[in-house]
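> Take this structure, written in structure tokens, and hold onto it; I'll ask about it next.
This is the structure we're talking about:
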């Protein structure tokens with residue numbers, strides 16, 4: 179995928195595409211901000227990590243990479259909730 183988007187013939191399109199992705203993920207993070215009580219500036223990079231882990235899994239079926247990223251994201255969200263929304267009880271994102 180990245181080889182296509184970085185190829186000189188498609189580079190401009192790739193840059194536009196990923197700029198749009200950045201904007202859509204930021205808007206999604208903004209919609210989550212009031213629900214989670216976490217600033218969207220903190221949520222957006224977590225979304226990027228989740229998407230990268232999912233794409234990596236889809237391409238390579240690497241369960242270790244996916245599961246380790248998901249676990250880190252869960253712990254990070256719990257820490258952010260404790261920091262930004264301490265009234266929410268810990269353990270919200272456990273299975």
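Numbering (my numbering), first residue to last: 179 to 273.
Backbone N, C-alpha and C define an ideal beta-carbon position, used for all residues, glycine too.
Predicted model only: the values in this text are computed from it and were never measured.
Does the Cβ-Cβ distance between residue 210 and residue 228 come in under 7 Å?
no
> With distances taken between CB atoms, is the gap from residue 258 to residue 220 smaller than 7 Å?
The answer is yes: Cβ separation under 7 Å.
> Going along the chain, which residues of its own chain have a beta-carbon closer than 6 Å to the beta-carbon of residue 183, five neighbours each way excluded?
Leaving aside the five residues that flank residue 183 on each side, the residues in its chain whose CB is nearer than 6 Å to its CB run, in chain order, 192.
> Which residue spans inside the region 181-262 form an unbroken alpha helix (DSSP H) run of at least 4?
If only uninterrupted alpha helix (DSSP H) runs of at least 4 residues are considered, those enclosed by the region 181-262 are 189-214, 218-238 and 241-262.
> What distance in whole Å lies between the Cβ atoms of residue 207 and residue 222, which are believed to be in contact at a cut-off of 8 Å?
4 Å
> Excluding the 5 residues preceding and the 5 following residue 242 in the sequence, name in chain order all residues of the same chain whose CB lies nearer than 6 Å to its CB.
none
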